[in-house]
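Participant: Dropping a structure here in structure tokens format, bear with me for questions.
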Amino acid sequence: MRIIKADDYYSMSRMAANIISAQIIMKPKCVIGLATGSTPLGTYAQLIEWYKKGDLDFSEVTTINLDEYKGLSPENDQSYRYFMNKNLFDHINIKKENTYVPNGLEPDSKKACDEYNEIIRKSGGVDLQLLGLGNNGHIGFNEPDEAFEKETHCVKLSESTVNANSRFFENIDDVPKEAYTMGIKSIMQAKKIVIVVNGKNKAEIVKKAFFGPVTPNVPASVLQLHNDVTLVGDAEALELI
Ligand code: GLP
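The opening position of the sequence shown corresponds to residue 28 in my numbering, with each subsequent residue numbered one higher.
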């Protein structure tokens, strides 16, 4: 695993955006796996800036997002589809039909997950997967568990995740309790993985995930077994390693 230590959030975001840019420049028709959460926001802002300067072209890029809340529509401002449109897709020349997020409005979990697995398969595989890290070590919405789930599945969100994500909702009761997420096998099949982390509150879990035992109790620890992972963090998040 490569570790890139950035001074602050801004430079962490630039470094992650640099890796994504390099991927797009080297292979314009690439498949990028994308993440939500507050950590990648700066990375997306940087990509938008470079696109506006004329340095990046997304016209042939396909994106596949990790997850979506079950029950939220694309128009709901807390849905991950809405997040991606607002923070990235609406500002670049990507073709909307080439951007994929699980269908939160599909009530039949099996159908939603099968369809998403098919999308991943048909894409030919993810060239570069961007990840954030949940406070409890989750990636996508793969929560701590007894075993690693392989493909897209429906998860019951843990109490700590519901609490952590409640900051984006008016009321904690509005936070969906279930989500569709890509599985660990799908994430691990990406050719390259970039994981971004910032802030003091991630320091403990960064140490556990990347320097502790590989266990489904800390889902991100599985990344230790991938042969091309780059951890990009600010000084605070990396202070214990
Ligand atoms: C959510 C997302 C994850 C993300 C995590 C961390 O639960 N499903 O993909 O990595 O939050 O979020 P943040 O970057 O805001 O700490």
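Cβ atoms here follow ideal geometry from the backbone N, Cα and C, with glycine treated the same way. Just so you know, these numbers come straight off a predicted model, no measurement behind them.
Tell me which same chain residues have a C-beta within less than 8 Å of the C-beta of serine 38, skipping the five on either side of it?
Facilitator: Same-chain partners within the cutoff: Asp261.
Participant: Please name the residue in Ser136, Gly81, Leu160, Val58 whose C-alpha comes closest to that of lysine 149.
Facilitator: Of the candidates Ser136, Gly81, Leu160, Val58, the one whose C-alpha sits nearest the C-alpha of lysine 149 is Val58.
Participant: Let me check you understand the geometry: is the CB of aspartate 35 closer than 6 Å to at least one non-hydrogen atom of the ligand GLP?
Facilitator: Aspartate 35 Cβ: outside cutoff for every heavy atom of the ligand GLP.
Participant: Any chance the CB of phenylalanine 110 is under 6 Å from a heavy atom of the ligand GLP?
Facilitator: Result no, Cβ not under 6 Å from the ligand GLP.
Participant: Rounding to the nearest angstrom, what Cα-Cα distance links glycine 161 and phenylalanine 85 in this structure?
Facilitator: Cα to Cα, glycine 161 sits roughly 28 Å from phenylalanine 85.
Participant: Inspect the CB distances between the stretch 199-206 and the stretch 227-243 and report whether three or more fall short of 8 Å.
Facilitator: Verdict: no, contact absent.
Participant: Are isoleucine 31 and valine 259 close, meaning C-beta to C-beta below 7 Å?
Facilitator: Against a cut-off of 7 Å, the Cβ pair of valine 259 and isoleucine 31 comes out as a contact.
Participant: Against chain D, does valine 88 count as a neighbour if the rule is that its beta carbon must be under 7 Å from one of theirs?
Facilitator: As a matter of chain content, chain D is missing from the structure shown, which is built from one protein chain.
Participant: In this structure, what does DSSP give as the bridge partners for arginine 29?
Facilitator: Beta-bridge pairing links arginine 29 to Thr257.
Participant: Terminal residues of the continuous alpha helix (DSSP H) containing valine 224?
Facilitator: Run containing valine 224: none in the alpha helix (DSSP H); it sits in the beta strand (DSSP E), 219-224.
Participant: Quick one: is leucine 252 buried, meaning 16 or more other Cβ sit within 10 Å of its Cβ, or exposed?
Facilitator: With fewer than 16 Cβ atoms within 10 Å of its Cβ, leucine 252 is classed as exposed.
Participant: Measuring straight from C-alpha to C-alpha, what distance separates asparagine 45 and glutamine 156?
Facilitator: Going by the C-alpha atoms only, they are around 14 Å apart.
Participant: Measure the beta-carbon distance from isoleucine 147 to serine 213 and round it to whole angstroms, keeping in mind my assumption that it falls under 8 Å.
Facilitator: Their Cβ separation, rounded to whole angstroms, is 6 Å, which keeps isoleucine 147 and serine 213 in contact under 8 Å.
Participant: Can you pull every residue whose C-beta falls closer than 6 Å to some heavy atom of the ligand GLP, listed in chain order?
Facilitator: Having a Cβ closer than 6 Å to some heavy atom of the ligand GLP are Ala62, Thr63, Gly64, Ser65, Thr66, Leu93, Asp94, Gly159, Leu160, Gly161, Gly167, Phe168, Thr188, Asn192.
Participant: Taking just the CA atoms, how far does proline 67 sit from glycine 159?
Facilitator: So the alpha carbons of these two residues sit roughly 7 Å apart.
Participant: Can you grab the Cα-Cα spacing for the pair lysine 227 / phenylalanine 168, in whole Å?
Facilitator: Spanning the two alpha carbons is a distance of roughly 21 Å.
Participant: Which same chain residues end up closer than 7 Å to valine 128 when comparing Cβ atoms and leaving out the 5 residues on each side of it in sequence?
Facilitator: Only Asn92, Glu95, Tyr107, Arg108, Met111 meet the Cβ criterion.
Participant: At the level of alpha carbons, what is the spacing between isoleucine 121 and tyrosine 71?
Facilitator: Cα-Cα distance, rounded: 13 Å.
Participant: Find out if the Cβ-Cβ distance for the pair glycine 210, glutamate 173 is shorter than 7 Å.
Facilitator: No. Outside cutoff.
Participant: In angstroms with no decimal places, state the Cα-to-Cα distance between alanine 230 and phenylalanine 175.
Facilitator: Their backbone Cα atoms lie some 23 Å apart in a straight line.
Participant: Report, in whole angstroms, the separation of the C-beta atoms of isoleucine 222 and leucine 250, which I expect to be a contact under 8 Å.
Facilitator: Isoleucine 222 to leucine 250, Cβ: 7 Å. Contact.
Participant: Where are the beta strand (DSSP E) runs, 3 residues long or more, that stay fully inside the stretch 39-66, in chain order?
Facilitator: Qualifying beta strand (DSSP E) stretches, in chain order: 58-61.
Participant: Can you check which of these residues, Ala247, Asp82, Glu142, is closest to leucine 132 by C-alpha distance?
Facilitator: Per the Cα distances, Glu142.
Participant: Report the option in Thr242, Phe196, Ser187, Lys219 whose CA atom is closest to the CA atom of leucine 99.
Facilitator: For the residues Thr242, Phe196, Ser187, Lys219, the minimum Cα distance to leucine 99 belongs to Phe196.
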